[in-house]
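Peer 1: As given, the protein sequences belong to chains Y and W, one line each in that order. Here the first sequence is numbered in the numbering used here, starting from 417 and rising by one per residue. Here the second sequence is numbered in the numbering used here, starting from 12 and rising by one per residue.
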Amino acid sequence: MTIFGFVLATIFIPAWTGSAIPTGWVFLSCTLPMMLWGKVEISHGILFALGTSFLAYAALSLLWTPVPHQGVGDLWLLAILAAAFTYGASQTNSSKLYLGLACGVGVSTVLAIPQYFFDFNGIYQSWKPAGLFINPGVYGETCALVLVALVASRQYWPTILVAPGIYLSNSRTAVLAVAAAVLVAAWDKVAALGPDRPALWKNPYVLSTTAVLAILAVVALHSTLIREPNWWTSPNERLAIWRDTTNGLALLGHGAGSFLITYPLLAKRTDTMATRPEHAHSDVLELAYEFGLGAIPLAILAVLALRAPAIPERYIFIAFLLTATLSFPTRLPVTGFLGAFAFGRCVRSWAMVRSNSLLSRSTFSARQGDRVYG
Amino acid sequence: MADLQRAAELFPYNRHLAVAPAYFAIRWLPPSEETVDVIGAALRRDPFSADLTNGLALHAYGIRNDFLANAAWRAFTRIAPNSPKAAQVGRALEALP
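1. List the residues of chain A that Y/V483 touches, going by C-beta distances under 8 angstroms, in chain order.
2. Quick one: Cα of Y/P749 to Cα of W/P42, how far?
3. Please say whether Y/I677 and Y/V483 have beta carbons closer to each other than 9 angstroms?
4. At a Cβ cut of 7 angstroms, what residues of the segment 78-103 of chain W count as close to chain Y, listed as they run along the chain?
5. According to the Cβ coordinates, are Y/L548 and Y/V523 closer than 9 angstroms?
6. Can you list, in chain order, the stretches of the beta strand (DSSP E) that have 3 or more residues and sit fully within the segment 507-582 of chain Y?
7. Could you tell me whether the Cβ of W/Y24 comes closer than 9 angstroms to any Cβ of chain Y?
8. Identify which residue in W/V30, W/F78, W/E45 and W/E44 has its Cα closest to the Cα of W/D62.
9. Of all the options Y/A718, Y/A627 and Y/T746, which has the alpha carbon lying nearest to the alpha carbon of Y/G760?
10. Taking only three categories from DSSP, how would you classify Y/G487?
11. What is the residue span of the alpha helix (DSSP H) that Y/W647 lies within?
12. If I'm right that Y/L494 touches Y/A474 with Cβ under 8 angstroms, what's the distance once you round it to whole angstroms?
13. List the residues of chain Y that W/A61 touches, going by C-beta distances under 7 angstroms, in chain order.
14. Answer with buried or exposed for Y/L479, where buried requires no fewer than 16 other C-beta atoms within 10 angstroms of its C-beta.
15. For W/L69 and Y/L424, what's the separation of their Cα atoms in angstroms?
16. In chain W, which residues lie less than 9 angstroms from Y/L676 when you measure between Cβ atoms?
17. Could you pull out every residue in the same chain whose Cβ sits closer than 7 angstroms to the Cβ of Y/A756, ignoring the five residues on either side in sequence?
18. By DSSP, does Y/R783 sit in helix, in strand, or in coil?
19. Per the contact definition of three or more C-beta pairs closer than 8 angstroms, is the segment 83-103 of chain W in contact with the segment 674-689 of chain Y?
20. Between the segment 596-606 of chain Y and the segment 543-557 of chain Y, do three or more beta carbon pairs fall short of 8 angstroms?
21. Please tell me whether, using a cut-off of 8 angstroms, the distance from the CB of Y/A560 to the nearest non-hydrogen atom of the ligand HEM is below it.
22. What's the call for Y/H485, buried or exposed, on a 16-neighbour Cβ count within 10 Å?
23. Taking 9 angstroms as the CB-CB cut-off, is Y/R783 touching chain W?
24. Could you give the distance in angstroms between the alpha-carbon of Y/P359 and the alpha-carbon of Y/L737?
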């Protein structure tokens, strides 16, 4: 698992091992079927029905998508994410995977330091510093998800490989993703203390969370006010894309792969001659645009995943969900795989806790029945 | 160019690969019947692309196919209404007899 994680994070070297297609997708297409072979039991419960109904609807949408070729390409990525979800649901301990991903992302951090401080341009990047990810925002978001995975699985030394990336990349989405995971973790800890918990200002979890959030706020403010004078440009562009996309929402959706093709028709606030957004910069919005009501089963699964017990993947999924609201992590191999993996683990854990609680309730009822009638 | 066309035929499911020959033709090749065909094929794969539509119009104009150039530029003004170039093209089209 460590090697798998390392290779996944390093296999794409821009303009060397891949260009138009991130090599990570090809790697996942080759490895995931082998990793899943013989290990997956197909159940016929409600979770299976929700997952397959979403995938079936996505496949059916090829009938009305404007360019079926693009739809097939997007369905290929969706199938890989579904396999990652299934793989996540079949795993119990994933610490080695996170360690491997951290080492892989660490290679990007080692590259990002000369890219940032010495203008190193040996690896193609759209803006500095991007490591092996071309885009600094993507690099920062990947660092955020892997950092949450490491801390949640109590592996602290590898955080040095990913934490600098959040600062270097200047990604505010990454800062927000870590903050969301920290807040939910603190909430879980405080709630677990029960009614006898100390007052908030004496509670060590609340105090440590406040300290971490203060550090993150300083990083975000420093990124926004000092390092990026035109800090409003990026949020402004995103808002324009979101407003255009929202205006184009349809009940049944426009079909798989339709956003990339039809966006110029919607674009009232951006000049598509100058810039052509390939994604809505919000996977949640893009799914609603492409699949409409057909995305509801996926939304139900996400709600169930949010009700998972306090396993490490719960916090990864929360950070991933926030990133997916503000960016496009499902369209990139590392973040897409990690998010889908955590999603699968969370849904599986929720189902196990629920079946255990139902089992204990039925046992209790049977015992009670024995006492009453026996 | 031949390599790009082969890649586009081999994997048409990725937009970057599928339209790469057309962008190459627009950027590097002089207008000809062949480049108009290549750009037209890419437009079937990515029908609302503003720069491909503009490229088709330029190449059609280059080979004196005025009918196609006119139609492509009219489509361009509808696809990219808020582009400064679209306003320029729109004014030129209005000035036509």
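We put the CB at the ideal spot given by N, CA and C, even for glycine.
Peer 2: This is what the structure gives:
1. Here chain A cannot be found, since the structure's protein chains are Y and W.
2. 39 angstroms
3. yes
4. I90, A91, N93, S94 and K96
5. yes
6. none
7. yes
8. W/V30
9. Y/A718
10. helix
11. Segment: none, Y/W647 is in no alpha helix (DSSP H) and carries neither H nor E.
12. 6 angstroms
13. P680, T688 and M689
14. exposed
15. 43 angstroms
16. R26 and D57
17. L497, A500, F501 and G504
18. Only weak support exists for where Y/R783 lies, its pLDDT of 43 falling under 50; the value from the coordinates is given anyway. DSSP places Y/R783 in helix when its eight states are reduced to three.
19. yes
20. no
21. With respect to small molecules bound, the structure shown includes none, and the ligand HEM cannot be examined in it.
22. buried
23. A caution first: Y/R783 carries a pLDDT of 43, below 50, which makes its placement in the model too unreliable to give a value.
24. Residue 359 of chain Y lies beyond the residue range present for chain Y, which begins at 417 and ends at 790; the question has no answer from this structure.
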